[in-house]
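Student:
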Amino acid sequence: MERFIAKLPKAELHLHIEGALEAELAFRFADRNRIKLPYRSVEELKQVYTFKNLQDFLSAYYQMMQVLQTEDDFYELTYHYLEMAASQCIRHVEIFFDPQAHMDRGLNFEVPMNGILAALKAGKQQLDISYHLIPNIMRDRSLASATKALEIILNYKENFLGIGLDSAEIGFPPEKFQNLFAEARAYGLLTFAHAGEEGPVENIWQAINLLKVRRIDHGVRCIEDESLLNYLANTRIPLTTCPLSNIKLNIFSDLHAFPIKTLLSYNICATVNSDDPAYVDGYLNENYFAITHTHRLTKADLRQLAVNSFHASVLPNQLREKYLKEVDVYCQGH
Ligand code: HPA
Ligand code: ZN
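Residue numbering for the sequence shown follows numbering that gives the first Met the number 0, starting at 0 and increasing by one per position.
See below:
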């Protein structure tokens, strides 16, 4: 099965580029930017990567991103991820970044944007991976900060597929961002939101009804609400689930509780993604491997997940059809 997964063409739709900051890269960037990390070695740093919950993870994630200072840093970080993606047969990526986190520590918005976009362009040419980029609004910072971020995002809106919503979920429901997201939509941006990861089912409903999202990121707590399961099945609003991240951040106690079978049995457009691969012990294929072993997924299930990843993506029809054909041809031959 691992060999089947390894070469299966797929899309990754839930990936925070800052979450692909491997410890080795972090030390390289820290050295050249003369930033002192409070760890002596890669091994010592990796030992810190045990998280009680989402907030515990976010503290490490925001601390480590301080080493990212220049366009070159963001370029190398992104290109490193894309090389890994190419080696895992990822054909298309829609990746997130957190502009407020970078601007609040003194970087210009253009630094992450230019570095990430240049790498994505190079990845398209050299690795044949298509892409979209999505800036996330941080739900646990002020509305004023989010409004300022959106103003800058709109100056460059042709570079972005839409805006997302991330960071600490409990206590920060989507409704606070209803007007802001309406403004983004009025300018032609799509909307996305993390919801129902650590926070309640109500956040998923709000993301759908108030933010009019194109997809829900995580959304796994939908299993607590039968009417929501049916709604997601009927509307085909996709979920970008992240199994290893959910285990590492204690959303579920173990992978047996991860509801991939339920989501597939309801015919929900569920997808598998890595979220923050440097922090959660796995890139995309490792996520597929883990749920396949735990839930005894069949090749038909895996094919469905790959097909879902392209249906859930935002691609021009021709390119989507091309990738779906690649999945078909691969599955017929294996
Ligand atoms: N949830 C919320 N915010 C995040 C995450 C996540 O899983 N990863 C990076 N920022
Ligand atoms: Zn995420």
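All residues carry an ideal CB built from backbone N, CA and C; glycine is no exception.
#1: On the DSSP bridge list, what partners appear for proline 134?
#2: Just confirm the distance between the C-beta atoms of valine 41 and phenylalanine 26, as a whole number of angstroms; I'd bet it's less than 8 Å.
#3: State buried or exposed for glutamate 17, treating a residue as buried only when at least 16 other CB atoms are found within 10 Å of its CB.
#4: Does the Cβ of threonine 49 have 16 or more other Cβ atoms within 10 Å, making it buried, or fewer, making it exposed?
#5: Counting by C-beta, which residues lie closer than 6 Å to a heavy atom of the ligand ZN, in chain order?
#6: Which residue wins for smallest C-alpha separation from alanine 277, given the options Met63, Ala19 and Leu12?
#7: Using the DSSP secondary-structure output, state which residues sit across from glycine 161 in a beta bridge.
#8: Looking only at DSSP bridge pairs, what is aspartate 300 linked to?
#9: If you count every other CB in all the chains shown that lies within 10 Å of the CB of valine 328, and 16 or more means buried, which is it?
#10: Would you call arginine 220 buried or exposed, if buried means 16 or more other Cβ atoms sit within 10 Å of its Cβ?
#11: Pull up the distance between the alpha-carbon of asparagine 229 and that of glycine 122, whole angstroms please.
#12: Thinking C-alpha only, which one of Ile246, Val110, Ser244 and Ile215 is nearest isoleucine 236?
#13: How far does the beta strand (DSSP E) with isoleucine 215 in it extend, from its first residue to its last?
#14: From what residue to what residue does the beta strand (DSSP E) around leucine 238 run?
#15: In its own chain, which residues sit with a C-beta less than 7 Å from the C-beta of serine 308, not counting the 5 before and 5 after it?
#16: Rounded to the nearest angstrom, what separates glutamine 205 and asparagine 245 at their Cα positions?
#17: Assign glutamine 337 to buried or exposed, taking buried as 16 or more other Cβ atoms, counted over all protein chains shown, within 10 Å of its Cβ.
#18: At what residues does the alpha helix (DSSP H) containing threonine 146 begin and finish?
#19: Thinking C-alpha only, which one of Lys147, Asn32 and Ile115 is nearest leucine 76?
#20: Using a Cβ-Cβ cut-off of 6 Å (strictly less than) and excluding sequence neighbours within five positions of valine 279, which residues of its own chain qualify?
Tutor: Reading off the structure:
#1: Phe96
#2: 6 Å
#3: buried
#4: exposed
#5: His13, His15, Asp165, His193, Asp216 and Asp274
#6: Ala19
#7: Leu189
#8: The partner list for aspartate 300 (beta bridge, DSSP) is empty, contrary to what the question assumes.
#9: exposed
#10: buried
#11: 38 Å
#12: Ile215
#13: 214-217
#14: 238-240
#15: Lys9, Ala10, Leu12 and Thr270
#16: 21 Å
#17: Nothing can be reported for residue 337, as the shown portion of the chain is limited to 0 through 333.
#18: 142-154
#19: Ile115
#20: Leu243, Ser244 and Lys247
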